[in-house]
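These notes are about the structure you will find just below.
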Amino acid sequence: MAKKTSKKNRARDLDPDVLEWWTTSIIDMEPNRIKIRGHEIEKLIGAISFPQMVWLMATGELITGWREMLLESALVAAVDHGPQAPSVAAARMAVSCGVGINNAMASGVNMLGDIHGGAGQQAVELFRDISERLDGGVEPNQAVLDALENWRKKRGGFIPGYGHRFHKEQDPRSPRLLELVDKAVEEEAISGRFSAIARAVEDALAAEKGIKLPMNIDGATAVIFAEIGCSPILARGLFCLSRSVGILSHAYEQAEEGTRNKGPTPPSYGWNYEG
Ligand SMILES: CC(C)(COP(=O)(O)OP(=O)(O)OC[C@H]1O[C@@H](n2cnc3c(N)ncnc32)[C@H](O)[C@@H]1OP(=O)(O)O)[C@@H](O)C(=O)NCCC(=O)NCCS
Numbered sequence: 238m239a240k241k242t243s244k245k246n247r248a249r250d251l252d253p254d255v256l257e258w259w260t261t262s263i264i265d266m267e268p269n270r271i272k273i274r275g276h277e278i279e280k281l282i283g284a285i286s287f288p289q290m291v292w293l294m295a296t297g298e299l300i301t302g303w304r305e306m307l308l309e310s311a312l313v314a315a316v317d318h319g320p321q322a323p324s325v326a327a328a329r330m331a332v333s334c335g336v337g338i339n340n341a342m343a344s345g346v347n348m349l350g351d352i353h354g355g356a357g358q359q360a361v362e363l364f365r366d367i368s369e370r371l372d373g374g375v376e377p378n379q380a381v382l383d384a385l386e387n388w389r390k391k392r393g394g395f396i397p398g399y400g401h402r403f404h405k406e407q408d409p410r411s412p413r414l415l416e417l418v419d420k421a422v423e424e425e426a427i428s429g430r431f432s433a434i435a436r437a438v439e440d441a442l443a444a445e446k447g448i449k450l451p452m453n454i455d456g457a458t459a460v461i462f463a464e465i466g467c468s469p470i471l472a473r474g475l476f477c478l479s480r481s482v483g484i485l486s487h488a489y490e491q492a493e494e495g496t497r498n499k500g501p502t503p504p505s506y507g508w509n510y511e512g
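Residue numbers for the sequence shown follow this note's numbering, so the first one is 238 and each next one is one higher.
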């Protein structure tokens, strides 16, 4: 019996130039049917967690067990850092100006860059660079020193994933995340290579500087993202996804509070005019 030609296939026959304008492996859809990464959506609903869905969407892989737990932990850990965080303050100020909550969220997310909230991307790059040097047979301490020197030459003095404006002794999120990473290594769910690399970088910075520059949330989540096989750019995207939860909550709280046109400082504060 001849196969019934769906509308979509008829469109493919008729108009390949138009059909191939967007090419994706993520979603397939026709009237009354949605498939995500090959799975019918109704079979995913109620069956997989939100972190699993995020990973499935982004990579095509159904993440499970310890790796799923680590992904979820990274997403939980990075949700918020209060109105002192520029991204959160921006969202709160934006919503007080009367824009929609989506616009306020976009304002907050747009503040996440190499220095605030986006350093995870760079940290994964640095950790991968060290990993490649190890693969090339360089001795571990030397691999770290060479990679740091290379980073500084090309990208400047600040090493991504270390140091904090506020938590000078210890970012409380990092040891907990690394503890979970260690458990996953014990269970042989991940290799532990990147946590060893990140700790070696922390030690090298302490030795150089004579002060502790503790691994921050971007560094610790970068360890997880590198361990579970995330590319640098995706690491930043996942961090932004997590921080969006805090940005949403703060924008919502600020909207409910109803303050109009809230600026970065109380109105009684001035600024230093140098003109
Ligand atoms: C977050 C950050 C801006 C905080 O900077 P800060 O408040 O100036 O940090 P500190 O005052 O504790 O710095 C102490 C010293 O360590 C240096 N330092 C701080 N973080 C450093 C880093 N990541 N790499 C190298 N040196 C660093 C500072 O330059 C300063 O040196 P100095 O005494 O010679 O001037 C900074 O640590 C940074 O840019 N880190 C990298 C980016 C990053 O991971 N961002 C995510 C933050 S959650």
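Ideal Cβ positions, reconstructed from N, Cα and C, are used throughout, including at glycine.
Since we're looking at a predicted model, the values are computed, not measured.
The beta carbon of ALA311 sits closer than 6 Å to those of THR458 and ILE461, all from its chain and outside the five residues before and after it, given in chain order. Burial is judged here by how many other beta carbons sit within 10 angstroms of a residue's own beta carbon; GLU439 has at least 16 and is buried.
By alpha-carbon distance to LEU293, the top candidate from LEU307, VAL418, GLU279 and ARG274 is ARG274. For HIS487, the shortest separation between its Cβ and any heavy atom of ligand 1 does not lie below 7 Å. The C-alpha of MET266 is placed about 48 Å away from the C-alpha of GLN407. DSSP lists GLY350 as the bridge partner or partners of GLY354.
According to the DSSP assignment, LYS391 belongs to the alpha helix (DSSP H) that extends over 377 to 392. Contact between GLU423 and LEU307 does not hold, since the beta-carbon distance rounds to 13 Å and is not under 8 Å. Within the stretch 292 to 318, the complete alpha helix (DSSP H) segments at least 4 residues long are 302 to 314, listed from N- to C-terminus.
Distance from the Cα of ARG436 is smallest, within the candidate group ILE427, LEU450 and GLU425, for LEU450.
In the structure shown, HIS276 adopts extended strand secondary structure according to DSSP, grouped into three states. For ligand 1, a non-hydrogen atom lies closer than 7 Å to the CB of PRO397. The stretch 351 to 364 and the stretch 394 to 403 touch, with no fewer than 3 CB-CB distances between them shorter than 8 Å. In its chain, beyond the 5 residues on either side, LEU450, PRO451 and ASN453 have a beta carbon closer than 8 Å to the beta carbon of GLY400. Buried is the label assigned to PRO288, since at least 16 other Cβ atoms lie within 10 Å of its Cβ. Of all alpha-carbon atoms in GLY429, ASP372, GLY474 and VAL346, the one lying nearest the alpha-carbon of SER486 is that of VAL346.
Take the alpha-carbon of GLY483 and the one of VAL325: they are about 7 Å apart. The beta carbons of SER479 and PHE431 sit about 19 Å from each other, so the pair does not count as a contact at 8 Å.
DSSP places GLU257 in the coil class of the three-state scheme, outside both helix and strand. Nearest in C-alpha terms to VAL316, of all of ASP455, ASN498 and LEU471, is ASP455. With respect to TRP303, ILE448 sits apart: the two C-beta atoms are not nearer than 8 Å.
Taking PHE403 as reference, the option from LYS420, PRO320, CYS477 and GLU511 with the minimal CA-CA separation is PRO320.
Under DSSP, ILE470 forms no beta bridge with any residue. If only uninterrupted alpha helix (DSSP H) runs of at least 4 residues are considered, those enclosed by the stretch 399 to 481 are 410 to 423, 430 to 446 and 454 to 464.
If you look at ARG497, you'll find it isn't in any alpha helix (DSSP H); DSSP assigns it neither H nor E.
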